[in-house]
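Written below as structure tokens is the structure these notes are about.
In this note's numbering, the protein residues as written are 152 to 402.
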């Protein structure tokens, strides 16, 4: 599952918050990443899979709740399934206190590296095995102090060899440049953005959570009809492994 000024124009909630002054620079960095990825696009082979981190593999809610408790004294939910709405932090803490917690996250060199896992070791082992023959990318909107490096260390610590982590504002733009064929996200707005950018032939899955069951916009309501919903990461990996097997047979 990022607060200050709006980090995205359309994608709401916790994952899109960042200091307003940093947003233009981040946008330029995204453009540079797209250009670099596009140049090397032909070099990638096999099925290309994008996995979200927070709310999918990592329990951001628990990590945020612990920090919020230390700073504000308020006890927040500790699991994504206990959050009815995407902006749970703002709802329960208010704008000012939520901003204080996010400020602490942005200046921390270890926060993203110490977020608890949401899935077991067996799931990470499946992802690592998949990455041996498929191209697995970890797309995240994490921000702050060296979020990519922190996330890489976190993934390595959970058994992922040489993880490819991309921290970006616009997942759709990056996913399109990479040529993603399958993706999993818990943010409905991000899933819609991915589908819009990558097209209807790309399988964009939504990991079922209470906060992504009710569409916030007309576009999300329409998109829900075309976005497969899964109850677990394992369920998504079943499809990813099947698709990768077909791809390997065709090579």
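Glycine included, each C-beta is placed from N, C-alpha and C at the ideal position.
Mind checking which residues open and close the beta strand (DSSP E) that includes residue i?
i	result
residue 199	199-202
residue 355	354-358
residue 334	333-336
residue 311	Segment: none, residue 311 is in no beta strand (DSSP E) and carries neither H nor E.
Given a cut-off of 9 Å on the beta-carbon distance, is the pair residue i and residue j in contact?
i	j	result
residue 357	residue 381	yes
residue 315	residue 286	yes
residue 222	residue 248	yes
residue 346	residue 374	yes
residue 298	residue 269	no
residue 227	residue 211	no
residue 229	residue 213	yes
residue 197	residue 284	yes
residue 394	residue 300	no
The alpha helix (DSSP H) with residue i in it runs from where to where?
i	result
residue 348	339-349
residue 369	369-374
residue 323	322-329
Going by CA-CA distance only, name the one from the options that's closest to residue i.
i	options	result
residue 260	305, 336, 396	305
residue 336	229, 209, 198	209
residue 379	391, 368, 319	391
residue 233	216, 331, 367	216
residue 201	257, 372, 291	291
residue 307	326, 276, 218	276
residue 236	360, 386, 334, 257	360
residue 296	258, 199, 281, 351	258
residue 274	325, 310, 317	310
In whole angstroms, what separates the C-alpha of residue i from that of residue j?
i	j	result
residue 322	residue 341	7 Å
residue 302	residue 388	21 Å
residue 220	residue 338	24 Å
residue 207	residue 368	23 Å
residue 343	residue 371	6 Å
residue 289	residue 204	7 Å
residue 348	residue 271	31 Å
residue 354	residue 294	26 Å
residue 365	residue 377	15 Å
residue 246	residue 319	24 Å
residue 243	residue 334	30 Å
residue 255	residue 396	44 Å
residue 330	residue 225	43 Å
residue 324	residue 317	12 Å
residue 189	residue 218	Model confidence at residue 189 stands at a pLDDT of 44, short of 50, so the residue's coordinates are unreliable; what they give is reported in the following sentence. Distance between the alpha carbons of residue 189 and residue 218: 38 Å.
residue 350	residue 199	15 Å
residue 352	residue 363	22 Å
residue 326	residue 262	26 Å
residue 267	residue 282	22 Å
Requested in this report: Only counting runs of 3 or more residues, tell me where the beta strand (DSSP E) segments fall wholly within the region 221-304, in order along the chain.
Outcome: Within the region 221-304, the complete beta strand (DSSP E) runs of at least 3 residues are 286-291.
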